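Visitor: Following this message is one structure expressed as structure tokens.
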Amino acid sequence: DVKVTQSSRYLVKRTGEKVFLECVQDMDHENMFWYRQDPGLGLRLIYFSYDVKMKEKGDIPEGYSVSREKKERFSLILESASTNQTSMYLCASRTTPGERGTEAFFGQGTRLTVV
Amino acid sequence: LAKTTQPISMDSYEGQEVNITCSHNNIATNDYITWYQQFPSQGPRFIIQGYKTKVTNEVASLFIPADRKSSTLSLPRVSLSDTAVYYCLVGAFNDYKLSFGAGTTVTVRA
Numbered sequence: 028d029v030k031v032t033q034s035s036r037y038l039v040k041r042t043g044e045k046v047f048l049e050c051v052q053d054m055d056h057e058n059m060f061w062y063r064q065d066p067g068l069g070l071r072l073i074y075f076s077y078d079v080k081m082k083e084k085g086d087i088p089e090g091y092s093v094s095r096e097k098k099e100r101f102s103l104i105l106e107s108a109s110t111n112q113t114s115m116y117l118c119a120s121r122t123t124p125g126e127r128g129t130e131a132f133f134g135q136g137t138r139l140t141v142v
Numbered sequence: 002l003a004k005t006t007q008p009i010s011m012d013s014y015e016g017q018e019v020n021i022t023c024s025h026n027n028i029a030t031n032d033y034i035t036w037y038q039q040f041p042s043q044g045p046r047f048i049i050q051g052y053k054t055k056v057t058n059e060v061a062s063l064f065i066p067a068d069r070k071s072s073t074l075s076l077p078r079v080s081l082s083d084t085a086v087y088y089c090l091v092g093a094f095n096d097y098k099l100s101f102g103a104g105t106t107v108t109v110r111a
């Protein structure tokens, strides 16, 4: 089974802190994603990556950055956490989309609270 | 990416069939349609994908008319455990970006 593991299930950080959310997948997937989920807004794409060291902005990248130094690991970085970044963060991965597209596999999520 | 529109919420009762329609008027020739399901406190999971006509698997059926400007996810004989958010996605086969929307919250009652 594909496994996407997020390093923390719950996290509490202070305003202004630098926060790292880690995601690891074990299926050699090329494509990885970070989303945030807020009530009534669904899943919103923050950043995605299609290869090691490659990254692309998603729909709401402001206030975030990412790192993909190894194929299996995709990190989301909040340079200076703010209270409006309190949210559920979800990581996903999938193999390279091709002729028929591929399904994405999600981690369990990290509920981040910024106080 | 084709924009999608789906109802915000739907209520149903156990044993009924639930049909969720997604509109995607500007779907492109090389776009396919994918549905994901998200249970409370979990990440979404893929349930079905199609390009045209009808696709069926053990979880759901997906109906896509000839003009492909909409699609309908059909959940047969729902149970309480089908209470979830259902997302409709439309994107090209080779698109690395994967954007979700707000989804449809389906609540199944006893």
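These protein sequence lines map, in sequence, to chains A and B. Counting from 28, one number per residue, gives the positions in the first sequence under the numbering used here. Counting from 2, one number per residue, gives the positions in the second sequence under the numbering used here. All C-beta atoms in this analysis are idealised placements derived from N, C-alpha and C, irrespective of residue type, glycine included. Since we're looking at a predicted model, the values are computed, not measured.
1. What residue range is occupied by the uninterrupted beta strand (DSSP E) comprising residue 104(A)?
2. Please state if the CB of residue 72(A) and the CB of residue 139(A) are separated by a distance shorter than 7 angstroms.
3. So, is residue 54(A) buried or exposed, given that buried needs 16 or more other C-beta atoms within 10 angstroms?
4. So, with DSSP's three-state summary, where would you put residue 54(B)?
5. Taking 7 angstroms as the CB-CB limit, is residue 133(A) close to chain B?
6. Could you give the C-beta distance for residue 117(A) and residue 62(A), rounded to a whole number, given that I count them as a contact under 8 angstroms?
7. Using DSSP's beta-bridge definition, name the partner residues of residue 95(B).
8. Give me the chain D residues within the contact set of residue 10(B), using Cβ-Cβ distance strictly less than 7 angstroms, ordered along the chain.
9. Relative to the C-alpha of residue 28(A), which residue among 132(A), 46(A), 67(A), 102(A) is closest?
10. In terms of residues, what are the limits of the beta strand (DSSP E) holding residue 76(B)?
11. For residue 112(A), which three-state DSSP category applies?
12. Which class does residue 81(B) belong to by DSSP, given the choice of helix, strand or coil?
13. Is the CB-CB distance between residue 104(B) and residue 86(B) below 7 angstroms?
14. Would residue 93(A) pass as a contact of residue 105(A) if the rule is Cβ separation under 7 angstroms?
15. Residue 47(B) CB to nearest chain A CB: under 7 angstroms?
16. For residue 137(A) versus residue 35(A), is the C-beta spacing smaller than 7 angstroms?
Guide: According to the structure shown:
1. Within the first sequence, numbered from 1, the residue matching residue 104(A) stands at position 77. 100-105 is the extent of the beta strand (DSSP E) around residue 104(A).
2. The residue you call residue 139(A) lines up with position 112 of the first sequence. The residue you call residue 72(A) lines up with position 45 of the first sequence. Their beta carbons are not under 7 angstroms apart, which means residue 139(A) does not touch residue 72(A) by this criterion.
3. Along the first sequence, one-based indexing puts residue 54(A) at 27. Counting Cβ neighbours within 10 Å, residue 54(A) comes out exposed, since fewer than 16 surround it.
4. Sequence index remark: in the second sequence, residue 54(B) carries index 53 (1-based). Correct three-state label for residue 54(B): strand.
5. As a position in the first sequence, residue 133(A) is number 106, starting the count at 1. Residue 133(A) counts as touching chain B.
6. For this step, residue 117(A) is matched to residue 90 along the first sequence. For this step, residue 62(A) is matched to residue 35 along the first sequence. Yes, residue 117(A) and residue 62(A) are in contact; Cβ-Cβ is about 5 angstroms, under 8 angstroms.
7. Position 94 of the second sequence, counted from the start, is the residue given in the question as residue 95(B). Residue 95(B) pairs with nothing; no bridge assigned.
8. The structure shown has no chain D; the protein chains it does contain are A and B.
9. Indexing the first sequence from 1 puts residue 28(A) at position 1. The option with the nearest alpha carbon to residue 28(A) is 132(A).
10. Within the second sequence, numbered from 1, the residue matching residue 76(B) stands at position 75. First-last of the beta strand (DSSP E) with residue 76(B): 71-76.
11. Here residue 112(A) refers to the residue found at position 85 when the first sequence is read from its first residue. In the structure shown, residue 112(A) sits in a helix (DSSP, three-state: H, G or I).
12. Residue numbering aside, residue 81(B) sits at position 80 when the second sequence is read from its first letter. Of the three classes helix, strand and coil, the one that applies to residue 81(B) here is helix, per DSSP.
13. In the second sequence, counting from the first residue as 1, residue 104(B) sits at position 103. In the second sequence, counting from the first residue as 1, residue 86(B) sits at position 85. Yes, these two residues count as a Cβ contact at 7 angstroms.
14. Looking up residue 93(A) in the first sequence gives position 66. Looking up residue 105(A) in the first sequence gives position 78. No, the pair does not count as a contact, with Cβ atoms beyond the cut-off.
15. Taking the first residue of the second sequence as position 1, residue 47(B) is located at position 46. Taking Cβ atoms only, chain A reaches closer than 7 angstroms to residue 47(B), which makes this a yes.
16. To locate residue 137(A), count along the first sequence from 1; it is residue 110. To locate residue 35(A), count along the first sequence from 1; it is residue 8. Yes, they are a contact pair.
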